[in-house]
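From first to last, the protein sequence lines are chains U and G. Under my numbering, think of the first position of the first sequence as 3, with each following residue one higher. Under my numbering, think of the first position of the second sequence as 3, with each following residue one higher.
Number of protein chains: 2
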Amino acid sequence: MKVAVMGYGTVGSGVVEVIESHREMIRKRTAGGSLEVAHILDLRDFPGDPHEALFTKDFNDILNDDEVKIVAETMGGINPAFDFTMKLLKAGKSVVTSNKELVAQRGLELLRAAEESGANYLFEASVGGGIPIIRPLDQCLAANNIEGVAGILNGTTNFILTMMIEKGMAFDEALKLAQDKGYAEKDPTADVEGHDACRKVCILASLAFGKHVYPNQVLTEGITNITLEDVSYINSVGGVIKLLGQIKYIDENSIAAFVSPAVVYHGSQLASVNDVFNAILVRGDAVGDVCFYGPGAGKLPTASAVVADIIDCAKHTARRKIFGWSDGAEDYVVDYRSTVKMPFYVRAKASCADVNSAFADVKYLSRKGQPSDEVAFITDVMTENELKEKLGGIDVINIIKVTNY
Amino acid sequence: MKVAVMGYGTVGSGVVEVIESHREMIRKRTAGGSLEVAHILDLRDFPGDPHEALFTKDFNDILNDDEVKIVAETMGGINPAFDFTMKLLKAGKSVVTSNKELVAQRGLELLRAAEESGANYLFEASVGGGIPIIRPLDQCLAANNIEGVAGILNGTTNFILTMMIEKGMAFDEALKLAQDKGYAEKDPTADVEGHDACRKVCILASLAFGKHVYPNQVLTEGITNITLEDVSYINSVGGVIKLLGQIKYIDENSIAAFVSPAVVYHGSQLASVNDVFNAILVRGDAVGDVCFYGPGAGKLPTASAVVADIIDCAKHTARRKIFGWSDGAEDYVVDYRSTVKMPFYVRAKASCADVNSAFADVKYLSRKGQPSDEVAFITDVMTENELKEKLGGIDVINIIKVTNY
Chain U
3 MKVAVMGYGT VGSGVVEVIE SHREMIRKRT AGGSLEVAHI LDLRDFPGDP
53 HEALFTKDFN DILNDDEVKI VAETMGGINP AFDFTMKLLK AGKSVVTSNK
103 ELVAQRGLEL LRAAEESGAN YLFEASVGGG IPIIRPLDQC LAANNIEGVA
153 GILNGTTNFI LTMMIEKGMA FDEALKLAQD KGYAEKDPTA DVEGHDACRK
203 VCILASLAFG KHVYPNQVLT EGITNITLED VSYINSVGGV IKLLGQIKYI
253 DENSIAAFVS PAVVYHGSQL ASVNDVFNAI LVRGDAVGDV CFYGPGAGKL
303 PTASAVVADI IDCAKHTARR KIFGWSDGAE DYVVDYRSTV KMPFYVRAKA
353 SCADVNSAFA DVKYLSRKGQ PSDEVAFITD VMTENELKEK LGGIDVINII
403 KVTNY
Chain G
3 MKVAVMGYGT VGSGVVEVIE SHREMIRKRT AGGSLEVAHI LDLRDFPGDP
53 HEALFTKDFN DILNDDEVKI VAETMGGINP AFDFTMKLLK AGKSVVTSNK
103 ELVAQRGLEL LRAAEESGAN YLFEASVGGG IPIIRPLDQC LAANNIEGVA
153 GILNGTTNFI LTMMIEKGMA FDEALKLAQD KGYAEKDPTA DVEGHDACRK
203 VCILASLAFG KHVYPNQVLT EGITNITLED VSYINSVGGV IKLLGQIKYI
253 DENSIAAFVS PAVVYHGSQL ASVNDVFNAI LVRGDAVGDV CFYGPGAGKL
303 PTASAVVADI IDCAKHTARR KIFGWSDGAE DYVVDYRSTV KMPFYVRAKA
353 SCADVNSAFA DVKYLSRKGQ PSDEVAFITD VMTENELKEK LGGIDVINII
403 KVTNY
């Protein structure tokens, strides 16, 4: 079976590599069919690449090749990936993708186009890299009402936080190390400000609850405000700080979804997820907590998820896989700050007397070198708006959510 | 769509409960179809049960009901579950099961019968209770050559080991607590001797490598020899003892598969799996390590996996799911003792001089209250047969494998 790859960057070249290095395995998995890369679309030149004969700069070479039934879109970004994917799906070709930005922003339109033409649009690689999560969430947990999802969805920030927690590196130093290791981009904004995690939250929320959630509906806070002082206070109560994407079922017509640093206590499966690894915890009403762990990025892990989707398409030429969701609504994602109750970690320039007059019951934390005018504490369960109100007159340094995952 | 449930024990009654309490969710997931429990087969009486009208003691009531297309087999054991399942599959009805013993012993015959009649035989609940593992292993990791699998597959033994490690309880005391809590049977043999884990290893190995592995091919060692002294030595090097099922790819025509206590170092995702939880780590050549964590047993978790399989059958009435494997061979599972190299933990009545004369390089461990004539150490990497040879003259108290997962 002929396939095409659009975008020959890290993931795209990995897709070609996995297809070529796993011929025998793929032949078995597709019950005898084998995969042949027929075209690679990229505007760049790759002189000397062994696949030189396959390169094209013209998308129409793929669109018009009737023998190509499955296309891997590993270009990233919205344009021209959206336009290309739409044309392919309308032409009845299946598309598999690692492009979380595109699925989060325009997945609904693309899934509808796939439905209309009888093609597949699969995106296992768009969340958690190589971690199987889309099928397990959709199929294996089908007999559960999902109560919530919490995930460490960005490897770069998890690496930075791990270095801060385990090596005592400051944020800037840890970021530089992540850049030196190739985990973080020169401009690390999308990672450290939580935008990447936000897109993955949108995809998970759309799939778990059946309505499209868009990135602008997900309040997103990155890790740039986290300091070693916070790490130290939270360590003193047996916890770690993780950048979490959280999704909570509210009722039939609403969910909460947000990305932020969060305190995770040891004992949680999420607490031991270190370095660039990702993990996604799903809480179902029947199954309880299940957790999926693995490499959230990287050439071959992500490529292997893309190729697994290709194999699935190859096995389902006659029949569509049912993955999808319907349209959301403007008020479908509610503001978690007024609806979701949780404990909070608060660090402030204040006295215990100030704190005690504002809060009925808090747990105080301590750290080495704590200045006499600084307090840190963990509150009772309340909404973020209630917290802010209580904190009215207090000179707050940092606030971090505390999870119950 | 009418379904039947065979066996109204913990899991079977959970299946009925999940179907009834998740009507709306299931209707959505099956695109409008709903599930109706038409018969419940059990030889026992359940006076006053709200489903009294559905009970039957006659299997033929299910076999001969043409409207019943999907049957959940939650009876356990080989007979009469095998006979019933075979008749149902031959009649073109799909069967879903939580019966690991049956799948491990006779899965191949049943899968073939399903293939011939165009029915499905699905068994997500047979490994890891509510943890999604069968589909992820088969589909999501399809683009990987699996190098190995390691799993904490039995909740009862994991609870006992957790109590020994965290609370310093002796084995007998921890077993009694497990029995008091309902985690362990009065006769705990199947759990503590590793037989239950062995069956799950067979299913995972069959699926991961495509050839049936039978329980008698899997060397199995339980946890009854583990003492608090071993726990203490291993704690001193930052490790814990877990009962692991391990499967290793050797070559195209052979694998190793075994169940035994094993040392897992902190930092591994398996080390933090406590109490009755299960976890399965899969090592693929492209994806690296991925790990699936969750409740390995329990009424609703296991039932939710059975019902997810029912939903999948309901969605695939026209088409079979491809899960399956071919026949194995007597020499397909090789003796790991002569083929798999690993480090070992050894405790012995011996002197360091004895040990040093037998081993080139070992790491000594220590514990509180260590007698002067006792040593404990971790060896270099070698096969178990090589180890036994080196230990020739030494008075060994215990040997535990050390994993690299």
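We put the beta carbon where it would ideally sit given N, CA and C, even for glycine.
{"Check": "Check distances from the C-beta atoms of the stretch 208–227 of chain G to those of chain U and list, in chain order, the residues that come in under 8 Å.", "Outcome": "G212"}
{"Check": "With a floor of 3 residues, list each beta strand (DSSP E) that falls wholly inside the stretch 295–359 of chain U, ordered by position along the chain.", "Outcome": "346–351"}
{"Check": "What span of residues does the beta strand (DSSP E) with G/Y407 cover, start to end?", "Outcome": "Careful: G/Y407 lies outside any beta strand (DSSP E) and carries neither H nor E."}
{"Check": "Name the chain G residues whose beta carbon is nearer than 7 Å to that of U/S328?", "Outcome": "Ordered by position in chain G, no residue passes the 7 Å Cβ test against U/S328, which lies about 10 Å from the chain."}
{"Check": "Between G/I312 and G/I72, is the Cβ-Cβ spacing less than 8 Å?", "Outcome": "yes"}
{"Check": "Flag U/E118 as yes if its beta-carbon sits less than 8 Å from any beta-carbon of chain G, otherwise no.", "Outcome": "no"}
{"Check": "Quick check: U/I249 and U/A210, are their CB atoms within less than 8 Å of each other?", "Outcome": "yes"}
{"Check": "Which one of U/G326, U/N227, U/G240 and U/G196 has the shortest CA to CA distance from U/L221?", "Outcome": "U/G196"}
{"Check": "Compare the Cα-Cα distances from G/V13 to each of G/M77, G/E175, G/L110 and G/T405 and report the closest residue.", "Outcome": "G/M77"}
{"Check": "Using three-state DSSP, classify G/D291 as helix, strand or coil.", "Outcome": "strand"}
{"Check": "Using the beta-carbon of each residue, which ones in chain U are nearer than 7 Å to G/C293?", "Outcome": "Y295 and G296"}
{"Check": "Is G/A74 closer than 8 Å to G/V17 when the C-beta atoms are compared?", "Outcome": "yes"}
{"Check": "Any beta carbon of chain G sitting closer than 8 Å to that of U/E2?", "Outcome": "Because residue 2 of chain U is not part of the residues shown, which for chain U are 3 to 407, the question remains open."}
{"Check": "For G/Y334 and G/S270, which I take to be in contact (beta-carbon distance under 8 Å), what is that distance rounded to the nearest angstrom?", "Outcome": "That pair is no contact at about 28 Å."}
{"Check": "Rounded to the nearest angstrom, how far is the Cβ of U/N146 from that of G/S36, given a contact under 8 Å?", "Outcome": "Contact doesn't hold; Cβ gap of about 17 Å is too wide."}
{"Check": "Drop a sphere of 10 angstroms on the beta-carbon of G/S234, count the other beta-carbons inside from all chains shown, and report buried for 16 or more, exposed for fewer.", "Outcome": "buried"}
{"Check": "Counting only Cβ-Cβ distances shorter than 7 Å, please list the residues of the stretch 127–153 of chain G near chain U, keeping chain order.", "Outcome": "G132, I133, P134, R137, P138, Q141, C142, L143, A144, A145, N146 and N147"}
{"Check": "Under a CB-based cut-off of 8 Å, is G/S274 close to chain U?", "Outcome": "yes"}
{"Check": "What residues match up with G/Y267 in a beta bridge as DSSP calls it?", "Outcome": "G/G241"}
{"Check": "Hey, how far is the Cα of U/I28 from the Cα of U/R349?", "Outcome": "54 Å"}
{"Check": "Could you check if U/N156 is buried or exposed, using at least 16 other CB atoms within 10 Å of its CB as the buried criterion?", "Outcome": "buried"}
{"Check": "Using a Cβ-Cβ distance under 8 Å, would U/D189 count as near chain G?", "Outcome": "no"}
{"Check": "Compare the Cα-Cα distances from G/A207 to each of G/G240, G/G298, G/V194 and G/K102 and report the closest residue.", "Outcome": "G/K102"}
{"Check": "As a quick exercise: from G/G79, G/L389 and G/A281, pick the residue whose alpha carbon is nearest that of G/Y347.", "Outcome": "G/L389"}
{"Check": "Where does U/K216 fall in DSSP's three states?", "Outcome": "The residue asked about is misnamed: residue 216 of chain U is Tyr in this sequence, not Lys. Three-state result, U/Y216: coil."}
{"Check": "Use the C-beta contact count for U/S340: other C-beta atoms within 10 angstroms, 16 or more gives buried, fewer gives exposed.", "Outcome": "exposed"}
{"Check": "Curious, which full-length beta strand (DSSP E) runs of at least 3 residues does the stretch 30–100 of chain G contain?", "Outcome": "38–43, 70–75 and 96–99"}
{"Check": "DSSP three-state label for G/Q107, please.", "Outcome": "helix"}
{"Check": "Looking at U/P263: is its Cβ nearer than 8 Å to the Cβ of U/E223?", "Outcome": "yes"}
{"Check": "Chain U partners of G/K30, CB-CB under 9 Å?", "Outcome": "G212"}
{"Check": "Give the secondary structure of G/Y235 by DSSP, where H, G and I count as helix, E and B as strand, and everything else as coil.", "Outcome": "helix"}
{"Check": "Under a CB-based cut-off of 8 Å, is G/M27 close to chain U?", "Outcome": "yes"}
{"Check": "Is the beta carbon of G/N280 less than 8 Å from the beta carbon of G/G184?", "Outcome": "no"}
{"Check": "Is the CB of G/G14 under 8 Å away from at least one CB in chain U?", "Outcome": "no"}
{"Check": "Suppose the cutoff is 6 Å on Cβ atoms and the five residues either side in sequence are ignored; what does the same chain contact list for G/P303 look like?", "Outcome": "G131, G132 and P297"}
{"Check": "Applying a beta-carbon distance threshold of less than 8 Å, which residues of chain A neighbour G/A331?", "Outcome": "Protein chains U and G are contained in the structure displayed, whereas chain A is not."}
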